[in-house]
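Under our numbering, the first residue of the sequence shown is numbered -7, with each subsequent residue one higher.
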Amino acid sequence: MMTVQKPVISDAEEEQQGGHRPEEVFGAVSSVAAQLEAIERFVARRFDEISMEINATSQQVDMAEEGIIKRFSEILEVLHAISYKGGGNTPANAGVELDAVVEMTEQAANRILDAADRITGRLHMGGDWCDEAQRQNTLDEINRDVEEIFMACSFQDITGQRIRKTLENLQLIEDRLGTALSKMGIKVEGTADTACELERQAASQDDVDALFSAGRSSAESAG
């Protein structure tokens, strides 16, 4: 955790600066820094979870495609929805949806890391905290960067929806494949264990909302 050296000022200088005690200012800065670390830990954990979801979904796609194209003309049409590499305009386009999730995740990561770098740089500028106007301006900038992190983290709602839609499409594909194979007397094993494992690993929306609420409260108190 980063450490900011507190400047030493007299009581008279403290009164001239508007009555804000350095301990209060640095307490607010420390609170923002602690919240930033919590956000970074959450984002790293959420990225890992999304990667696991994407990998599991990709494995389902690979298992569905293997060896079926050579045998069933009806199944070829279904597999086209999985492997299509176009512009993402078809209603059941699992491959493009997963590509979009990866791209959105990368964009959110860059926004979060850029905001974190700006906050870190401002926290190291200890001399600016002695001037009340500069101090308030710096705190306002930190608050804006914290809000930028919150907005970037909203990607998890959108990507979650797209992943759920992709899984629904894959379930539809699996049902159609199962029906076609059943007509030929081939029994298909389910994949319920994989779905249950992903559900246990995923962060709940309540966890996300609680983290964001705590972060906003911390940012408001710092301002």
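For glycine and all other residues, C-beta sits at the position ideal for the given N, C-alpha and C.
Inter-residue spacing [alpha-carbon to alpha-carbon] between residue i and residue j
i    : j    : result
F142 : P14  : 28 Å
L90  : T112 : 33 Å
S50  : A26  : 36 Å
A101 : Q153 : 18 Å
V35  : V93  : 15 Å
L169 : D40  : 31 Å
L162 : S146 : 25 Å
A48  : L159 : 10 Å
E139 : S174 : 53 Å
G19  : E124 : 16 Å
E95  : D109 : 21 Å
M117 : N129 : 13 Å
L28  : C122 : 23 Å
V24  : L105 : 15 Å
G80  : Q99  : With a pLDDT of 46 at G80, under the threshold of 50, the modelled position of that residue is not reliable, and the figure given next carries that caveat. Those two C-alpha atoms are separated by around 19 Å.
Residue i classed as buried or exposed, judged by whether at least 16 other C-beta atoms fall within 10 angstroms
i    : result
L164 : exposed
R127 : buried
C155 : First, the residue type needs correcting, since residue 155 is Ile and not Cys in the sequence shown. Counting Cβ neighbours within 10 Å, I155 comes out buried, since at least 16 surround it.
V21  : buried
I150 : exposed
E45  : buried
V17  : buried
A144 : buried
T171 : exposed
D167 : exposed
Continuous alpha helix (DSSP H) stretch holding residue i: start and end
i    : result
D132 : E124 to C145
Whether residue i touches residue j by CB criterion (8 Å)
i    : j    : result
D132 : A107 : no
I134 : R114 : yes
Q148 : R38  : yes
I31  : T97  : no
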